[in-house]
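Numbering follows the numbering used here, with no gaps: position 49 of the sequence shown is 49. The block underneath contains the structure these notes are about, expressed in structure tokens.
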Amino acid sequence: MRVYTRFMTGRPPTRWLDEQEMEAWLQVAVLLSRLPHALDAQLLRDAQLTHFEYEVLAALSEAPERTLRMSALAELANGSLSRLSHVVKRLEQREWVYRFACPEDGRFTNAVLTDAGWEKVVQTAPGYAENVRRLVIDPLTRAQLRQLAAIGRRINDGGPPSR
Numbered sequence: 001m002r003v004y005t006r007f008m009t010g011r012p013p014t015r016w017l018d019e020q021e022m023e024a025w026l027q028v029a030v031l032l033s034r035l036p037h038a039l040d041a042q043l044l045r046d047a048q049l050t051h052f053e054y055e056v057l058a059a060l061s062e063a064p065e066r067t068l069r070m071s072a073l074a075e076l077a078n079g080s081l082s083r084l085s086h087v088v089k090r091l092e093q094r095e096w097v098y099r100f101a102c103p104e105d106g107r108f109t110n111a112v113l114t115d116a117g118w119e120k121v122v123q124t125a126p127g128y129a130e131n132v133r134r135l136v137i138d139p140l141t142r143a144q145l146r147q148l149a150a151i152g153r154r155i156n157d158g159g160p161p162s163r
């Protein structure tokens, strides 16, 4: 791969991954591929929800008065406002969520978890927690869990590691 860098003029040389970096990246790539599928499969089978739908319901369940602005909800659920709007429409059809204009600022829309939506979260959460435990928590020691949390924070914050 390094041979190609000499043909790219005007660009700094590519910093290729060394063996240790490649091993770490490949393990993360496999995790990124397998984990969403495993979470979705359990939720679809047991609760007829996608993982994203569950994240939306769970975020609303933890919000004050079970209400969030759609923009804040999109950020919490790690999705675009457009994707969230489509999902919330489906959740409204199932009577788990409803929307209304934000009373403080009419330019915004709020999403609210209904009582039926709350019940869906209460019914779904135990199976979801067991699946997360089986897939991520139980295979690790307490020390590894602390490391995983620290690594997740570092990557999510986007900062370079201190060397």
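Backbone N, C-alpha and C fix where the C-beta goes; we use that ideal spot for every residue, glycine too.
Handout entry: Range covered by the beta strand (DSSP E) that runs through Thr67
Key = Thr67 to Arg69
Practice task
Check whether the Cβ atoms of Ala101 and Thr109 sit closer than 9 angstroms, and answer yes or no.
Solution key: yes
Practice task
Ignore the nearest five residues each way along the sequence and tell me which others in Thr124's own chain have a CB closer than 8 angstroms to its CB.
Solution key: Leu43, Asp46, Ala47, Leu49, Tyr54 and Leu57.
Problem - Same chain, Cβ closer than 8 angstroms to Phe52, neighbours up to 5 away in sequence not counted - result: Ala77, Gly79, Arg83 and Val87
Exercise for the section: Any chance you could list the beta strand (DSSP E) runs of at least 3 consecutive residues sitting entirely within the region 30-116, in chain order? Expected result: 67-69, 97-101 and 109-113
Practice task
Would you tell me roughly how many angstroms separate the C-alpha atoms of Leu31 and Leu68, rounded to the nearest one?
Solution key: 30 angstroms
Practice task
Between the Cα of Ala74 and those of Leu17, Pro103, Asn156 and Ala111, spot the shortest distance and give me the residue it belongs to.
Solution key: Ala111
Practice task
Could you check the C-alpha separation between Leu26 and Gly152 for me, to the nearest Å?
Solution key: 16 angstroms
Practice task
Less than 8 angstroms between the CB atoms is what I'm expecting for Glu95 and Ala116, so what's the real figure, rounded?
Solution key: With a Cβ gap of about 5 angstroms, Glu95 and Ala116 count as contacting.
Exercise for the section: Take the Cβ of Arg66 as the centre, count every other Cβ of all protein chains shown within 10 Å, and call the residue buried at 16 or more, exposed below. Expected result: buried
Problem - DSSP-derived helix/strand/coil call for Arg163 - result: Unreliable placement is indicated for Arg163, whose pLDDT of 43 sits below 50; the coordinate value is still reported in the next sentence. Three-state result, Arg163: coil.
Practice task
For Ala38, collect the residues of the same chain with a Cβ closer than 6 angstroms to its Cβ; drop the 5 residues on either side in sequence, then sort them by chain order.
Solution key: Leu135
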